[in-house]
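One structure is given below, encoded as structure tokens.
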Amino acid sequence: MISRFILFLILGVDALVLLLQTSEISISYDEARLLYGDTSFLQLFIKTSFYFFGQNDFGLRLPMIALHISSALLLYEISKKYLIDVWSRLWLVVVFVLLPGVISSAILFNSAGLVIFGLLVFVYIYENYATNVQYLFLLMLCLIDSDFAYLFLALFFYGLYTKDKVMVAISSVLFLSNIYYYGLDIYGMPSGYFLDIMGIYAAVFTPIVFIYIFYVLYRRYVTKDIDLLWFIATTAFIFSILLSFRQRVDIEHFAPYVILALPLAARTFINSYRVRLKVFRGSYRNIFTVSLIFLLCNALLVFFNKELYLFIENPNTHFAYKMHVAKEVATKLHEQKIDCIQTDKELALRLRFYGVHNCDSYILKEKELNDVSEENSVTISYRNKHIFNYCVTKINKL
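Counting in the working numbering, the sequence shown runs from 991 upward without gaps.
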């Protein structure tokens, strides 16, 4: 009973912190494109939230936070197969919610959070329900998003490994159907982005966690201790590495798959820890402690990222700059009784979310931060540091 209370306490604190973050960030251009672009399941999912909560930051972020909390619960349930000790499962959930990539997927409106949730639901169904339910759910995933193509590819190899002809056939059909409908994003001339993607993986998981996950996947391959989670994580990881030799890779399409290796990594770590005498367990405790400190520091940097502007000369170089400014600009415009304006396409699409549409009555131009030559200049500041400077001019149509 105490473990269940601690689990919900962890998730409750996590949800509260994420909800508080909704007021700290604005919609980004990529999110606005997804919201106002071609119709998709994720877009309809978010617009359903708007129906109940209105078109605002809370309505935009709440569905992703809900998917994130549900994913954490599913991970806890799935890990019962790998971790007998309940406290080990709780620590696994803590690591999961603190991963930088997971935090981003919980806050940002993109496919990563949906893919993590979809993968965990499938694994849970695979372990607890009949095969007809599994294949029905796979069909749903095929229709929902293009990023699930790598799941079907993983299941194809898993079917070959387990000699499951039905799985091989169905996963092949679903994979081909998915890429036929959505396409496969392979483009450009061969160019090396291997180091780039390895660095991004290290940032998504933190270096220590990523290196250990890589070690566990390799070790399980050598010892032939491979299962469904191994195939899902490894297939996507290898595919992303191969793709990086040709083009720049969008990590949000692949990192959710590698996250499924967490129960495998946790089991390997716990087993390695327990087979050693107490006098030799110190190095493992130190590794876990350092990893946890890294995760906490990364989480604090994400949640208190605006403080970083105090130490950055050029605000545009801030890692979260694209998530800032738009809401404050829209608020200033509404205070001036301006509900439509002409500006660059990226800012215009972001302002649209906050009720400022495109027109030719006013024009908004960004200025240098130190340029205060015009009386109608407006500056957006965080922590008393100037971040964005602009002026609004009324267009004379006579």
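Glycine is no exception: its CB is placed at the ideal position from the N, C-alpha and C atoms.
Its chain contains F1221, I1222 and T1225 as the residues whose beta carbon lies nearer than 6 Å to that of A1144, once the 5 sequence neighbours on both sides are disregarded; these appear in chain order. Going by beta carbons, L1150 and L1109 fall outside the 8 Å limit. Between the stretch 1097-1106 and the stretch 1241-1256 there are three or more C-beta pairs closer than 8 Å, enough to call the two in contact. The residue from W1081, P1053, Y1114 and K1071 with its alpha-carbon nearest to that of L999 is W1081. In this chain, N1288 is not harboured by any beta strand (DSSP E); it is covered by the alpha helix (DSSP H) spanning G1272 to F1293. The residue among S1281, A1192 and Y1114 with its C-alpha nearest the C-alpha of I1068 is Y1114.
For K1355, the enclosing beta strand (DSSP E) covers residues H1347 to K1357. Around the Cβ of L1006, a 10 Å sphere holds fewer than 16 other Cβ atoms; the residue is exposed.
With three or more CB-CB distances shorter than 8 Å, the stretch 1022-1035 counts as touching the stretch 1327-1346.
H1347 has its alpha-carbon roughly 6 Å from the corresponding atom of D1329. For F1378, the enclosing beta strand (DSSP E) has its first and last residue at K1375 to K1384. Assignment of beta-bridge partners to Y1208 by DSSP yields no partner. In this chain, the beta strand (DSSP E) harbouring Q1332 covers C1330 to Q1332. Contact between S1060 and F1107 is confirmed by a C-beta separation of about 6 Å, below the 8 Å threshold. Excluding its 5 nearest sequence neighbours in each direction, Y1263 has C-beta neighbours in its own chain below 7 Å: R1271 and Y1274, listed in chain order. Excluding residues up to 5 positions away in sequence, H1308 lie with their Cβ nearer than 7 Å to the Cβ of L1298 in the same chain. Counting only residues of its own chain and dropping the five nearest sequence neighbours on each side, L1065 has a CB closer than 8 Å to the CB of L1082, V1083, F1086, L1110, L1252 and P1253.
DSSP places S1367 within a strand segment (E or B) once states are collapsed to three. For Y1119, the three-state secondary structure derived from DSSP is coil. The continuous alpha helix (DSSP H) containing R1023 extends over residues Y1019 to Y1026.
Judged by DSSP in its simplified three-state form, Y1372 adopts strand.
N1100 carries a coil assignment under DSSP once its states are collapsed to helix, strand and coil.
In the displayed model, S1230 falls within a helix according to three-state DSSP. For the pair A1289 and I1093, the CB atoms are nearer than the 8 Å cut-off. The straight-line gap separating the alpha-carbon atoms of Y1072 and L1131 is approximately 25 Å.
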